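I have placed the structure first, in the form of structure tokens, so that the comments after it can refer back to it.
Number of protein chains: 2
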Amino acid sequence: MTKRSTYDVPRAIDWVGGLDGHAALIDQTLLPGKLEIIECHAPETVWHAIKRLSVRGAPAIGIAAAMGVVLGVRDHDEDDVAGFVTRIRGVCDYLAGARPTAINLFWALDRMRKVGESADELGVSATKQALLAEARRIREEDAAMCRAIGEAGLPLIQDGVAVLTHCNAGGLATAELGTALAPLYLAREAGRKFSVYADETRPLLQGARLTAWELGRAGVDVTLICDNAAGACMAAGRINLVITGADCVAANGDVANKIGTYSVAVLAAAHRIPFYVAAPSSTFALDKPTGAAIPIEERAAAEVRSGFGAMTAPKDVRCFNPAFDVTPARLLTGIITERGIISPVREEGIRELLSASATCPDSCAPS
Amino acid sequence: MTKRSTYDVPRAIDWVGGLDGHAALIDQTLLPGKLEIIECHAPETVWHAIKRLSVRGAPAIGIAAAMGVVLGVRDHDEDDVAGFVTRIRGVCDYLAGARPTAINLFWALDRMRKVGESADELGVSATKQALLAEARRIREEDAAMCRAIGEAGLPLIQDGVAVLTHCNAGGLATAELGTALAPLYLAREAGRKFSVYADETRPLLQGARLTAWELGRAGVDVTLICDNAAGACMAAGRINLVITGADCVAANGDVANKIGTYSVAVLAAAHRIPFYVAAPSSTFALDKPTGAAIPIEERAAAEVRSGFGAMTAPKDVRCFNPAFDVTPARLLTGIITERGIISPVREEGIRELLSASATCPDSCAPS
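Protein chains in written order, with our numbering: chain A, 116 to 482; chain B, 116 to 482.
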């Protein structure tokens with residue numbers, strides 16, 4: 116943790132120093148009680164940090180894994196090129212096992228593997244530097260993408276607005292700034308006066324533990340509410356904008372996100388409150404025609420029955436605990452991407468935005 | 116706990132034996148982990164049970180207080196009539212202090228005071244018996260009222276229905292059967308096949324701790340969900356009826372109930388799922404023209420920040436924690452009362468039902 120942005124958004128993960136440096140990540144399992152930095156000097160430390168959710172959020176996990184590759188190969192003998200390539204693959208395979216369903220993890224490790232393949236040409240020493248550069252690039256690209264989402268969404272955060280958010284799509288889930296929270300951090304930077312309501316987000320309370328923590332730390336005016344209070348807050352006129360993140364956006368604009376997002380969207384529509392989702396273009400899955408094609412993970416009953424140490428329900432009661440729900444495109448006012456806002460949310464608009472990136476990578480890439 | 120109904124609904128509070136007996140109440144602070152009965156042989160035990168929420172729910176609190184009066188005066192000298200009346204008043208004043216805002220508590224103690232006033236006529240011994248009879252009558256009237264609500268609502272619980280309920284308006288809050296849960300217990304008794312989803316009901320988790328417990332114990336097919344999952348369950352067609360309790364019904368039919376009820380009502384309307392409230396006629400407040408006149412208690416931030424024993428949010432984060440919300444009459448399909456279902460929910464229908472009770476107390480009284 117060598118640097119901080121002026122608005123004090125915590126860096127979930129960063130690289131400190133040169134090739135002999137280390138990865139530094141916030142132990143999110145200790146938040147909000149303690150802010151402790153885990154210094155990773157070996158890939159095993161990164162593996163465990165991913166495994167036990169010390170680092171979470173798809174982009175942050177990808178960055179951590181990429182840095183883990185650097186840690187795992189940097190002491191390799193400078194003269195052993197063949198062994199070096201094998202070792203890179205081995206470290207990548209090892210790190211991929213930390214969370215077997217995290218797409219960003221594989222994506223980041225693939226990028227590292229590709230860099231490793233040029234070792235024959237570059238030699239061991241230069242490839243080590245190239246791997247560190249690639250890991251840093253993955254982080255910087257994500258940070259730039261978050262900032263671009265923030266800039267696209269900034270016009271929504273005018274003086275006096277009160278924004279509701281759900282779960283944590285903030286700096287802790289990404290390299291910096293987050294997705295849903297990025298427009299808020301930029302509005303804070305711009306000196307705008309606004310307030311935020313954070314849904315606590317049962318069962319895992321990411322809103323209470325992480326969003327309230329990082330917004331409060333950055334000086335944003337934040338109020339924590341139980342998920343049950345969102346409707347009453349809207350009815351009382353306390354909220355006039357909703358922004359959440361997204362785990363996956365289908366081709367027609369249906370959005371899978373943390374359980375409860377759909378309820379918030381229905382409530383927002385009933386109160387005529389604009390409802391936006393913030394998502395990088397990498398979150399769109401054009402092979403899924405609608406939200407019905409997005410698989411919904413069902414998680415352990417223990418999260419509902421005994422989430423925080425105490426048993427708060429009969430120990431044998433059946434629970435239904437879906438991790439995500441699907442919000443249909445018709446309930447979205449817009450999707451804030453790093454290339455601008457898609458509104459209204461229609462399949463044509465989505466395809467147009469995504470194909471634009473394919474044909475003009477330079478001008479459309481996150482700046 | 117001498118008797119159990121065949122369907123095994125727990126008795127939150129009961130009197131065991133004769134004048135030398137005791138009040139037996141379930142210690143609800145230990146649920147769902149432990150079922151422990153507190154035997155109250157003195158009014159102090161009742162006072163503490165009310166104070167520390169071992170007994171909760173307006174009707175159950177009133178019954179406990181009435182029984183506490185019996186316990187406080189039953190050893191009075193048979194020859195001291197004047198001192199006996201004074202003592203009854205003293206015990207009533209003492210018990211009234213246990214929860215200074217509980218309307219049913221004062222109402223029940225008033226009934227006991229009135230019985231005490233006939234001591235000059237009846238003598239001490241007969242008045243003691245009359246006080247015990249009155250306490251039992253308060254309990255029996257409440258049990259009958261719950262059963263009448265259950266019978267009114269029973270036609271809604273057909274084979275195959277899946278009912279969502281919020282908070283705990285069950286046997287634990289009343290003498291028996293509860294209000295919202297009464298139709299479910301009678302449907303179970305009638306052998307109907309149906310299922311129930313219980314919202315866990317943050318912040319105090321009455322759905323998880325109490326509703327899931329008492330329904331499960333009675334053999335009702337119950338599934339516990341986080342409040343966040345209610346919308347997704349509705350969208351998936353898992354729920355086709357909602358019944359909740361009510362803390363107060365305004366003259367126009369607006370309903371104040373546990374925080375989150377309003378959100379459930381909006382979701383039900385969006386999915387065209389019938390939404391019923393179950394409430395005895397004593398819950399209607401005709402002096403309040405609309406829900407806007409019902410004061411909403413705001414409770415401690417600690418319930419949100421550290422409700423599970425662990426601190427799950429930044430310790431200094433601002434919280435907004437309303438205990439109740441108001442569901443407008445337009446979102447209600449009907450109100451299930453002990454005298455039948457009011458549907459549609461309109462001021463005329465409510466006044467008609469309540470005035471009917473005033474003019475024909477015998478035929479309209481709960482059976």
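For each residue, glycine too, the CB sits at the ideal point set by N, CA and C. On a predicted model such as this, the values are computed, not experimentally measured, just so you know.
As DSSP reads the structure, Asp336 (chain A) sits in a beta bridge with A:Ser310.
The beta carbon of Arg461 (chain A) sits closer than 7 Å to those of Gly368, all from its chain and outside the five residues before and after it, given in chain order. In this structure, the alpha-carbon of Gly406 (chain A) lies about 39 Å from that of Glu154 (chain A). Check the Cα spacing between Leu168 (chain A) and each of A:Ala157, A:Gln143, A:Ile409, A:Val185: the tightest is with A:Gln143. Here the C-alpha atom of Lys166 (chain B) lies approximately 11 Å from the C-alpha atom of Ala217 (chain B). Contact between Ala361 (chain B) and Thr326 (chain B) is absent: CB atoms are separated by about 15 Å, not below the 8 Å threshold. Straight-line spacing of the CA atoms in Pro174 (chain B) and Thr294 (chain B) works out to 10 Å. Ala393 (chain B) and Ile141 (chain A) have their C-alpha atoms roughly 49 Å apart. Using a Cβ-Cβ cut-off of 8 Å, Cys207 (chain A) does not count as an interface residue toward chain B, since no Cβ of chain B sits closer than that to its own. Between Asn219 (chain A) and chain B, the shortest Cβ-Cβ separation is not below 8 Å. When beta bridges are read from the DSSP output, Asn372 (chain B) appears opposite B:Asp440. DSSP, reduced to helix, strand and coil, places Asp129 (chain A) within a strand of the structure shown. If you keep only unbroken alpha helix (DSSP H) runs of at least 4 residues inside the region 131 to 190 of chain B, you get 158 to 166, 173 to 188. At a C-beta separation below 7 Å, Leu382 (chain A) has these neighbours in chain B: Ser378, Val381. Put simply, the CB of Arg324 (chain A) is near chain B, with a gap under 8 Å to one of its CB atoms. Residue environment analysis places Thr201 (chain A) among the exposed positions, since fewer than 16 neighbouring C-beta atoms fall within 10 angstroms of its C-beta.
C-alpha of Ala248 (chain B) to C-alpha of Asp190 (chain B): approximately 16 Å in a straight line. With its beta carbon less than 8 Å from one in chain A, Phe423 (chain B) belongs to the interface.
Assignment of beta strand (DSSP E) within the region 342 to 409 of chain B, counting only whole runs of 3 or more residues, yields 356 to 359, 363 to 365, 370 to 373, 390 to 393 in chain order. Shown here, Ala295 (chain B) sits in coil according to DSSP, grouped into three states, outside any helix or strand. Here Leu279 (chain B) carries a strand assignment [DSSP, helix/strand/coil].
Annotation for Ala245 (chain A): Val230 place their beta carbon closer than 6 Å to its own, counting only its chain and skipping 5 residues before and after. In this structure, DSSP gives Arg461 (chain A) a state outside helix and strand, which the three-state scheme calls coil. In the three-state scheme derived from DSSP, where H, G and I count as helix and E and B as strand, Ile411 (chain A) is classed as coil.
Legend: CB atoms of the region 432 to 449 of chain A lying less than 8 Å from CB atoms of chain B belong to residues Val432, Arg433, Cys434, Phe435, Asn436, Pro437, Asp440, Val441. Of all residues in the region 293 to 322 of chain B, those with a C-beta nearer than 9 Å to a C-beta of chain A are Tyr312, Ala313, Asp314, Glu315, Thr316, Arg317, Pro318, Leu320, Gly322, reading in chain order. Listed in chain order, the positions of the region 223 to 238 of chain B with a beta carbon within less than 7 Å of a beta carbon of chain A would be empty, since no residue qualifies. Not one beta carbon of chain B lies nearer than 8 Å to the beta carbon of Cys363 (chain A). In the DSSP assignment, Cys261 (chain B) forms no beta bridge with any residue. For Ile218 (chain B), the enclosing alpha helix (DSSP H) starts and ends at 218 to 231. Under the 10 Å beta carbon count, His163 (chain B) is surrounded by fewer than 16 other beta carbons and is classified as exposed. For Asp342 (chain B), the nearest beta carbon of chain A is closer than 8 Å to its own beta carbon. Assignment of Ile272 (chain A) by DSSP, reduced to helix, strand and coil, places it in the coil class. Contact residues of the region 131 to 157 of chain A toward chain B are Leu146, Pro147, Gly148 (C-beta to C-beta distance below 9 Å). Between Tyr300 (chain B) and Thr338 (chain B), the C-beta spacing is not below 8 Å. Per the Cβ contact rule, the region 124 to 139 of chain A is in contact with the region 275 to 293 of chain A (3 or more Cβ pairs under 8 Å).
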